[in-house]
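Protein chains: 2
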Amino acid sequence: MNAEEIRSRLKEKGLKVTPQRIAILEAFYNLNNHPTADNIIEYIRKNHPNISTATVYKVLDAFVSCGLVSRVKTERDVMRYDAITETHHHIYCSDSDCIEDYTDQELNQLLMEYFERKQIPDFTIEDLKLQIIGRFRRGKEALNTDR
Amino acid sequence: MNAEEIRSRLKEKGLKVTPQRIAILEAFYNLNNHPTADNIIEYIRKNHPNISTATVYKVLDAFVSCGLVSRVKTERDVMRYDAITETHHHIYCSDSDCIEDYTDQELNQLLMEYFERKQIPDFTIEDLKLQIIGRFRRGKEALNTDR
DNA sequence: AGTTAAAATGAGAATTATTCTCTTTTGAGA
DNA sequence: TCTCAAAAGAGAATAATTCTCATTTTAACT
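Chains C and L are the protein sequences, given in the same order.
Numbered continuously in my numbering, the first sequence closes out at residue 147.
Numbered continuously in my numbering, the second sequence closes out at residue 1147.
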């Protein structure tokens, strides 16, 4: 994902292109997984030492509003963000803060079919996200160093 | 759920029975849905005006540790708690902070069967929670005043 | 290229939820 | 009843996020 692609991503969403926004969106594509605001600040400060904290939060809000990224629900009091926009699910390690993505079209299909049969009265579903909570067995664990 | 039942709930979990803990657990059964620490504080202060904030947080942590309640993942920076311990899912209104419960044995079954077929390598599933995100249509909405 | 208005940024203060510290009190078993 | 570890209380401390407002920048329009 180069700078030009990032610019056009921003433009597509009707966002003004600023160096700060480019840096932050770039951070998403370079940081492994589900970063916190702080992860992003730390990352971008390497090359842009004077982007302010407030800006990062404001940009993140803007990105969330336009659907460029989404917030990840967690049990902790730090917000995490996700730049994957296609339907996917999350694996939450219960012995660390690691969150991994889980994408499987079959699961999506299964859920869609289920809710076609079982309507929730007066409710329109916009998204379905499965939280898969559990733990990785030792060995594999070392490979999952997402925070 | 009377005071005696609440006492024995606490004892079952090996927790010391204190008036504060009784009040807080009682609050869960009287407050509608997925309260925040603040909702609980507000509620219990009516009858126990001098329970401190720190105590409420400490008690909530204790309850979470012993599985009496669980934290609910949200996109906001307030923690919400849930006293339902059986497997269930959550309906998140995207236009309010309302979270409703969704319980259906068939869905649980469907998910279990799916993951029996599709194992996640080196991962042991402890819980599956579906986030059903969307919005209630007007009319019904007035009935869903969970914050 | 220059002008302009609206939007974005930066710096730091402010706020909010939560946690910590430390002293006092209390529950529950001996 | 006594004892002591655990729990509670008060308020300070912390951490993440939001706010304020003066300054700068973007992008559309000459």
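All C-beta atoms, glycine included, are put in the ideal place defined by N, C-alpha and C.
> Where L/GLY1067 and L/GLY1014 are concerned, what is the direct C-alpha to C-alpha distance, given to the nearest angstrom?
Replying inline: 11 Å
> Just curious, the alpha helix (DSSP H) that C/VAL38 is in, first and last residue?
Replying inline: Going by the sequence as given, residue 38 of chain C is Asp instead of Val. Taken as a continuous stretch (DSSP letters only), the alpha helix (DSSP H) holding C/ASP38 covers 37 to 47.
> Is the beta carbon of C/ILE44 less than 8 Å from the beta carbon of C/ALA23?
Replying inline: yes
> Exposed or buried, L/LYS1046, counting other C-beta atoms within 10 Å across all chains shown (16 or more means buried)?
Replying inline: exposed
> By a C-beta neighbour count over all protein chains shown, 10 Å radius and 16 as the cutoff for buried, is L/ALA1054 buried or exposed?
Replying inline: exposed
> Cα separation between C/TYR136 and L/ARG1009?
Replying inline: Checking the sequence shown, residue 136 of chain C turns out to be Phe, not Tyr. Those two C-alpha atoms are separated by around 32 Å.
> Which residue comes first and which comes last in the beta strand (DSSP E) that contains L/VAL1072?
Replying inline: 1070 to 1072
>> DSSP has C/ARG80 in a bridge; who is on the other side?
In response: C/THR36, C/VAL72
> Buried or exposed: which applies to C/GLU26, given that a residue is buried once 16 or more other Cβ atoms fall within 10 Å of its Cβ?
Replying inline: buried
> I think C/HIS34 touches C/ILE91, with their Cβ atoms under 8 Å apart; what is that distance to the nearest whole Å?
Replying inline: Between C/ILE91 and C/HIS34 the Cβ distance is about 11 Å, and since that is not below 8 Å, they are no contact.
>> Run through chain L and tell me which residues come within less than 7 Å of C/GLU86, C-beta to C-beta.
In response: None at all; the shortest Cβ gap to chain L is about 15 Å.
>> Taking 8 Å as the threshold (beta carbon to beta carbon), is C/THR103 in contact with chain L?
In response: no
> Within this structure, are the beta carbons of L/LEU1110 and C/TYR102 separated by less than 8 Å?
Replying inline: no
> Exposed or buried, L/ARG1076, counting other C-beta atoms within 10 Å across all chains shown (16 or more means buried)?
Replying inline: exposed
> Taking only beta-carbon atoms, is L/MET1079 less than 8 Å away from chain C?
Replying inline: yes
> Taking the alpha carbon of C/THR124 as the point to measure from, which residue in L/ALA1083, L/VAL1069, L/ILE1132 has its own alpha carbon closest?
Replying inline: L/ILE1132
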